[in-house]
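Trainee: Would you mind keeping the following structure in view while I ask a few things?
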Amino acid sequence: MESQFTVGQKFVRLSGTRPVQWQRHTLREGVGPHDHEFTELVIVKSGAIPHKTYGVNGEEWSEILGRGNAIVVPPGLIHAFERLAPAQECQLVNIYYLPEWFLWDLNTLWDEGLLPLFFATHLFRRWDTLKIWRINLTEEELLACERELDDIGNEYVRTKPSLLFARSAFFKILVILARAWSHQTPQHGLHLRPEIWEALQEIDRCIKDGAVCRVDVLARHVGFATSSFSRIFRSATGLSPSEYLGRRRIQHAAHLLLKSDLSIGAIASRLGFCDSSHLSHSFLQNQGITPHAFRKRYREYS
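Residues in the sequence shown are numbered from 0 upward in steps of one, following numbering that gives the first Met the number 0.
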């Protein structure tokens, strides 16, 4: 199944000062097969609607989503909402977020159980994380999510909205969803060997310190021979240590582009790039746009 359209930045309008956006929708006609530039969280507020998902090999799955059901749709995956019967309608909330704005603190995402559902596809290349997740919320959990969304919306209309406030409210929504999911599917968490998790933390420490991070040194740090470490690391993440290091360094650069006024040269120096040209080349390869264009894109709607 091919996507008929992509929900992208022109619709979502994310920015460094609005890293979370959400809209309420009332569906009657359905929505054809489409995908997303950003992860989409959908929460059903009322009514019921047939939802269809599509596999990479042409498989199709259908289910009915009703009040309290939520889905997490990673970027690139195709899904659709089918037409409702006459005189019926379904109220949904769609939530989008800038992953780079939240990926700076890997420990918090891991400790709170947020990685598997909301950030694993941005960090790793594991096919078992590339799926549409369904979560069933209790009435209490649903109302709690609605309150936090209202708080974000009310904060955004302030003259100087607090990003800490918005971040905290959004994290509460993610924690509510993650807890509900873990209770329903406790066997499907993201399991990493302690040595691999330590390696991921060490890579982040090196990047934030602007230090050189060599694979052989990293392997010794967690007690493996280099060849064994590279094999186990790729099995756990879908990436080689060098590929993951490059991806994380670009994510940290994107975070600083969003949250600071540091020059590209200053960001390059801070994160261990050779110079601004090295950062720009690596950023373009990873993100498809230059650091300057990335910063401009996410300041357009600030």
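We treat Cβ as the ideally placed atom computed from N, Cα and C, and that holds for glycine.
These numbers come from a predicted model, not from an experiment.
Helix, strand or coil: which one does DSSP assign to PHE169?
Mentor: On the sequence shown, position 170 is the one that residue 169 refers to. PHE169 falls in the helix class under three-state DSSP.
Trainee: Given GLU201, which residues of its chain have a CB within under 7 Å of its CB, disregarding the five upstream and five downstream residues?
Mentor: As a working note, residue 201 is residue 202 in the sequence shown. So the qualifying residues of the chain are LEU217 and HIS220.
Trainee: In whole angstroms, give me the CA-to-CA distance for LEU114 and GLU138.
Mentor: For the purposes of this step, residue 114 is taken as the residue at position 115 of the sequence shown. For the purposes of this step, residue 138 is taken as the residue at position 139 of the sequence shown. In a straight line, the C-alpha of LEU114 is about 25 Å away from that of GLU138.
Trainee: Which two residues bound the contiguous beta strand (DSSP E) that contains ALA69?
Mentor: The residue you call residue 69 lines up with position 70 of the sequence shown. Taken as a continuous stretch (DSSP letters only), the beta strand (DSSP E) holding ALA69 covers 68 to 72.
Trainee: For THR236, count neighbouring Cβ atoms within 10 angstroms of its own Cβ and tell me buried if that reaches 16, exposed if not.
Mentor: In the sequence shown, residue 236 corresponds to position 237, counting from 1. By the neighbour-count rule (16 or more Cβ atoms within 10 Å), THR236 is buried.
Trainee: Between LYS207 and LEU255, what straight-line distance do the alpha-carbon atoms span, to the nearest angstrom?
Mentor: Within the sequence shown, residue 207 is the residue found at index 208, counting from 1. Within the sequence shown, residue 255 is the residue found at index 256, counting from 1. Approximately 11 Å between the Cα atoms of the pair.
Trainee: With the cut-off set at 8 Å, would you say ILE94 and PRO32 are in Cβ contact?
Mentor: The count along the sequence shown starts at 1 and reaches residue 94 at position 95. The count along the sequence shown starts at 1 and reaches residue 32 at position 33. No. Outside cutoff.
Trainee: Output needed for ARG124: all residues of its chain with C-beta closer than 6 Å, excluding positions within five of it in sequence on either side, in chain order.
Mentor: Indexing the sequence shown from 1 puts residue 124 at position 125. So the list reads GLY237 and LEU238, once near-sequence residues are dropped.
Trainee: Mind listing, in chain order, the continuous alpha helix (DSSP H) runs of no fewer than 4 residues lying wholly within the stretch 106 to 167?
Mentor: Whole alpha helix (DSSP H) segments, 4+ residues: 119 to 122 and 138 to 155.
Trainee: Could you name the residues that DSSP lists as bridge partners for LYS51?
Mentor: Reading the sequence shown from its first residue, position 52 is the one you call residue 51. In the DSSP output, where bridge partners are listed per residue, LYS51 has SER61 and ALA79.
Trainee: List the endpoints of the continuous alpha helix (DSSP H) containing CYS89.
Mentor: Here the question's residue 89 lines up with position 90 in the sequence shown. That residue, CYS89, is in no alpha helix (DSSP H); its beta strand (DSSP E) goes 89 to 96.
Trainee: Which residues in the same chain have their Cβ closer than 7 Å to the Cβ of TRP180, if we skip the five residues on either side of it in sequence?
Mentor: Translated into the one-based positions of the sequence shown, residue 180 becomes position 181. The residues are LEU116, TRP132 and ILE134.
Trainee: Out of ALA253, PHE37, GLN250 and GLU197, which has the shortest C-alpha to C-alpha gap to PHE228?
Mentor: Within the sequence shown, residue 228 is the residue found at index 229, counting from 1. It is GLU197 whose Cα lies nearest to the Cα of PHE228.
Trainee: Taking the Cβ atom as the reference point for each residue, do GLU39 and THR5 lie within a distance shorter than 8 Å?
Mentor: For the purposes of this step, residue 39 is taken as the residue at position 40 of the sequence shown. For the purposes of this step, residue 5 is taken as the residue at position 6 of the sequence shown. The answer is no: Cβ separation not under 8 Å.
Trainee: What does DSSP give as the partner residues of ASP34 in its beta bridges?
Mentor: Here residue 34 refers to the residue found at position 35 when the sequence shown is read from its first residue. Paired residue(s): THR5.
Trainee: Give the single residue among LEU189, GLY271, ILE70 and ASP104 whose Cα lies nearest to the Cα of ILE48.
Mentor: What you label residue 48 is simply residue 49 of the sequence shown in a count that begins at 1. When each option's Cα is compared against that of ILE48, the closest is ILE70.
Trainee: Reducing DSSP to helix, strand and coil, say where ILE231 ends up.
Mentor: Along the sequence shown, read from residue 1 onward, the residue named residue 231 stands at position 232. Helix.
Trainee: If you draw a straight line from the alpha carbon of LEU105 to that of HIS251, how long is it in whole angstroms?
Mentor: Walking along the sequence shown from the start, residue 105 turns up at place 106. Walking along the sequence shown from the start, residue 251 turns up at place 252. So the alpha carbons of these two residues sit roughly 11 Å apart.
Trainee: Cβ atoms of LEU108 and PHE118: under 8 Å apart, would you say?
Mentor: In the sequence shown, residue 118 corresponds to position 119, counting from 1. In the sequence shown, residue 108 corresponds to position 109, counting from 1. Yes, the Cβ-Cβ distance between PHE118 and LEU108 is below 8 Å.
Trainee: Cα-Cα, which of THR120, GLU1, LEU244 and LEU13 is closest to GLY54?
Mentor: For this step, residue 54 is matched to residue 55 along the sequence shown. With distances taken between Cα atoms, GLY54 lies closest to GLU1.
Trainee: Any idea if ARG192 is buried or exposed, counting beta-carbon neighbours within 10 angstroms, 16 or more meaning buried?
Mentor: Counted from its first residue, the sequence shown places residue 192 at position 193. Exposed, by the Cβ-count rule.
Trainee: To the nearest angstrom, how far is the alpha carbon of ARG157 from that of GLY264?
Mentor: Taking the first residue of the sequence shown as position 1, residue 157 is located at position 158. Taking the first residue of the sequence shown as position 1, residue 264 is located at position 265. Taking the straight line from one Cα to the other gives about 33 Å.
Trainee: Using beta-carbon positions only, say whether LEU122 and TYR297 come within less than 8 Å of one another.
Mentor: Reading the sequence shown from its first residue, position 123 is the one you call residue 122. Reading the sequence shown from its first residue, position 298 is the one you call residue 297. For LEU122 and TYR297, no; Cβs fall outside 8 Å.
Trainee: On the DSSP bridge assignment, give the partners of VAL302 in chain order.
Mentor: One cannot answer for residue 302 here, as it falls past the ends of the chain, which runs 0 to 301.
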